[in-house]
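Undergrad: Can you keep this structure in mind? I'll have questions shortly.
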Amino acid sequence: MRNASDDYYFDKTFKVTNPYLNEVKAVASFEYASINSVPTVTAKIRFTDLDGKAFANKAVRYNVVVDYDIVMRKVAKTDTSGSIQVSLPINGKMDLNKTYLQTFTQAKGNDNIAKSFAIPTALSKSDLQFFPEGGNMVNGIPSKIAFKAIGVDGKGLKINGEIVDNLGKVVTKFSSVFAGMGSFQLKPEANKTYYAVVNYPDGSNAKVNLPKSSNSGYVLSVLQEDNDNVLVNVQSLNVTEKNLTLVVNIGGEPIFSTSFDITNGLSSIPIKRSSFSRGIAQFTLFNAALQPINERVAFIKADDVMPIKISSEKGIYKTREQINMTLQAPEGGYSISVVKEDKVPTDENEEHTILSSLLLSSSLRGYIEQPNHYFTGAIHEHNLELDNLMLTQGYTRFDWKNVISGTYNAANFKVEKTMVDVSGVVKTLGNQPVANARVALFSLNSAQMELTKSDAQGKFVFPGMLLDEGMRFNVQAKTPKNGSKVQVMLDLVKPQGMTLNRNRPDLNGYQTYSLKTDQSGFTGNRLDRSKRLREVRIEARRSQNRRISPQSVFKIAEGQSDQTYIMKDGEECATLGTCLQGRLGPVIFTQFNGVANYPFYKNAPMDVFLDGSLITDPSMLSEIFDTNVYDPSNVAKIEVVRSNLAAMSILNKNPALMIMTKRIDDREERYTPNVANYFPQGLAKARSFYIPKYERSNDDGQFDFRSSVYWNPSLKVDAKGSLNLMFYNSDGTGTYRVTVEGIDNEGHLGRVIYRYKVE
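Right under this line is the structure:
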């Protein structure tokens, strides 16, 4: 996935809002225009309260921020609809991808309410492109021409227009069908050129040239009008090569190939639809030298839809009533979610489902507007719209030129396995490789230790290391003569970088619901036990001991401990555990729960606190006592509580070892280039999602606000094909939406929506 490009990296956009922001709702829209010959983006922002009442005639301060620098400060006044307009000229100094607006308004109580708006600008102006089917237009051969019009916000524009030749004659007309895409038929003629006169939604028009046509070549087309066959037509004109080969593949796997001689300028090749699985197919035409000359991408809607049925005992339930449902599906794995539909508003067309993700987004570059639209309704309802998407945006990762030449791009990221190699290089401080360097690897989670030596280039490897969840390693290198003046550099996997979000959903609708739901809580039996806090001022006095870091929840007063050990400046300690051994009276350090040096008092393990926080994670405890991940030189003092019952009652009622570190500004930076810590992203253990058992209770005095009443991402349907489910409704009335997605043991995908009512 990452070896292809960022376009194929899996991403998921989550809508995150604060359920209580303030009394102001703001909605922004953006338009592109040319003002005084300067391209300009105009933002229109409308301010209302939660009930939709406009903030009319209000002063609004706004800032234009570019890459965290404020480049413009102005004040505007809202009109009667509560709106202001902000015009931003587009120039070389303003990167719109790093530009956003800040607004400041005053509501009740003279609160200064701030809002921020990212500018969803994908283009500096609208864009229209034409795409001949198969890649080429050939004079004298009818061709299907697709087009796509994109607005300044990256979404499709509804356009129409005419195709005109160089003599001014209107050849045909066109209009977009969905998401700015459409298609038309054109038979180009020799010695003629063509252009489109385009009408945009804002009333403007433009002239856009069509691709030039050739006097010779091939035209490849794919027709799916037959329910049983997919028909591939190859037309040619003025060509010398008659022997051609057609190869069809899905996901890089060839499913059909045939060689043929084109006669009379036309060859038709029917392919059984049953040969295809549902998804994007790539049709490639080769000449006799196996050079690709035409390509067409098409989405094949094969009849392999997996049947999923979900049913309940009845269609209408009461609040907090137990729901019993039955899922019937082929043997496989499934997930289910049950949400209150008005609390979790969803546009089915804009959803990213198992179908749209695996069958579309994973194979197409760029932003796909309303991806699930193509999978709603009857199976063939959106065939034309889906074919327009394939003709305009269809692009696959499979490159025939590399296959034919036998050359492939080197994989930057290797296949992730359970057993991996920990490798790197040892160099001098002058950046020269160190041969025969002694390299040691320590597991911070166990007592495992491995030794090896570097080769002539300074490279080393520890093969076959098991990467489990939470595994941490420490790698140390020394010269052949045991010197430490070397540097060790590990071969690390480069993390995925930050990229622009392809999907920019509008959060305003969800935010409105969140605010109203939060308010409803104050009429839902919570008033007697909750209050809304506007502003809380927290004051604190500076600690008397400025050398010690601020302590968290668990802390004792000076003199309450049984022993205080002050770490001396400049004290050299390999690890904190070995350094404290024998210095804390009856406290001894021994192996316990995967930690080599754990503190014990009277043969019982002590509680360990780091800057006032109780530490129980064995990995972190091993880092504290067994390695230098937590540098002992940065520890200020150790407080030992062994017998002071008053102090122990404040803590965790057990003997305790309290580690207090130095303040950050008082710590010494230790330069240890021969030591490297390696915290790989190991394979996580399988976890079961916690599903609470909801007990029905109508007299507990608490309002049930759950918007998601059930979720199980790992349902297993057995060979009998049936599974029973049980959960409880919340106190909300209305329509509840049940969504089931999954994949059976044969690889077929399925999705179904079921609704019931609560009154």
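Numbering of the sequence shown is given in my numbering, commencing with residue 5 and proceeding in unit increments. Cβ coordinates follow ideal geometry from the N, Cα and C atoms, glycine included.
Among the candidates T176, G462, L362, T432, whose CA atom is the shortest distance from the CA of E745?
TA: L362
Undergrad: What's the gap between the Cα of C583 and the Cα of C577?
TA: 5 Å
Undergrad: Terminal residues of the continuous alpha helix (DSSP H) containing E389?
TA: 387-397
Undergrad: Tell me the DSSP secondary structure of I628 in three-state form.
TA: helix
Undergrad: Could you check the C-alpha separation between F135 and I747 for me, to the nearest Å?
TA: 35 Å
Undergrad: Helix, strand or coil, according to DSSP, for G754 in the structure here?
TA: strand
Undergrad: Shortest alpha-carbon distance to L496 belongs to which of I552, N486, F477?
TA: F477
Undergrad: Out of curiosity, what's the CA-to-CA distance linking K318 and Y740?
TA: So the alpha carbons of these two residues sit roughly 13 Å apart.
Undergrad: Please name the residue, chosen from L250, P677, V45, that lies closest to L433 on a Cα-to-Cα basis.
TA: P677
Undergrad: Return the Cβ separation of I163 and A153 in integer angstroms, given the expectation that the two are a contact with Cβ distance under 8 Å.
TA: Sure, about 5 Å apart at Cβ, within 8 Å.
Undergrad: For G616 and I628, what's the separation of their Cα atoms in angstroms?
TA: 14 Å
Undergrad: Tell me whether the region 244-255 and the region 287-300 touch, counting them as touching only if at least three CB pairs, one residue from each stretch, are closer than 8 Å.
TA: yes
Undergrad: Among the residues of its own chain, which have a CB less than 7 Å from the CB of Y758, if the five just before and after it don't count?
TA: I314, V742
Undergrad: If we ignore side chains and look at the alpha-carbon of each, how far apart do D459 and V429 end up?
TA: 9 Å
Undergrad: Contact between the region 211-221 and the region 255-269: three or more CB pairs below 8 Å?
TA: Contact between the region 211-221 and the region 255-269 is absent, because fewer than three Cβ pairs lie under 8 Å.
Undergrad: Flag this pair as yes or no: are the beta carbons of I123 and T103 separated by less than 7 Å?
TA: yes
Undergrad: In or out: L519 buried (at least 16 other Cβ within 10 Å) or exposed?
TA: Model confidence at L519 stands at a pLDDT of 49, short of 50, so the residue's coordinates are unreliable and nothing is read from them.
Undergrad: For I39, name the three-state secondary structure that DSSP assigns.
TA: strand
Undergrad: Given G725, which residues of its chain have a CB within under 8 Å of its CB, disregarding the five upstream and five downstream residues?
TA: Scanning its chain for C-beta atoms nearer than 8 Å, with the 5 sequence neighbours on each side dropped, one finds around G725 the residues Q332, A333, P334, E335, in chain order.
Undergrad: Which residue wins for smallest C-alpha separation from D351, given the options N233, V174, N607, E373?
TA: E373
Undergrad: Please classify S653 as buried or exposed, where buried requires at least 16 neighbouring CB atoms within 10 angstroms.
TA: If you draw a 10 Å sphere on the C-beta of S653, you find fewer than 16 other C-beta atoms in it, and that means exposed.
Undergrad: My assumption, with CB atoms under 8 Å, is that Y552 sits in contact with R667. Please give the rounded CB distance.
TA: Before going further, note that residue 552 is Ile rather than Tyr in the sequence given. Indeed, because the Cβ distance is near 7 Å, the residues count as touching under 8 Å.
Undergrad: Assuming K211 contacts N170 under a Cβ cut-off of 8 Å, what Cβ separation, rounded to an integer in Å, is found between them?
TA: With a Cβ gap of about 12 Å, K211 and N170 do not count as contacting.
Undergrad: By how many angstroms is the C-alpha of L625 removed from the C-alpha of K572?
TA: Those two C-alpha atoms are separated by around 22 Å.
Undergrad: Would you kindly check if the distance between the Cβ of V234 and the Cβ of I266 is under 7 Å?
TA: no
Undergrad: Let me make sure I understand the geometry here. Which of A63, M662, V142, N601 has the alpha-carbon closest to that of D630?
TA: Of the candidates A63, M662, V142, N601, the one whose C-alpha sits nearest the C-alpha of D630 is N601.
Undergrad: I need the straight-line Cα distance from E193 to S147, nearest angstrom please.
TA: Rounded to whole angstroms, the separation of the alpha carbons of S147 and E193 is 12 Å.
Undergrad: Quick check: F287 and R300, are their CB atoms within less than 7 Å of each other?
TA: yes
Undergrad: Which partner residues of F135 appear in the DSSP bridge assignment?
TA: A150
Undergrad: How would you write the range of the alpha helix (DSSP H) that I654 sits in, first residue to last?
TA: That run of the alpha helix (DSSP H) goes 649-654.
Undergrad: Would the beta-carbon of G165 fall within 7 Å of that of N203?
TA: It is a contact, given that the beta carbons lie within the stated cut-off.
Undergrad: Considering just the uninterrupted stretch of the alpha helix (DSSP H) at L584, what are its terminal residues?
TA: 580-584
Undergrad: Between the alpha carbons of A111 and E355, how many angstroms are there, rounded?
TA: 35 Å
Undergrad: Here's the rule: buried if 16 or more other CB atoms are within 10 angstroms of the residue's CB, otherwise exposed. What is P659?
TA: buried
Undergrad: I358 and L753: beta carbons closer than 7 Å?
TA: yes
Undergrad: CA-CA distance, M664 and F593?
TA: 18 Å
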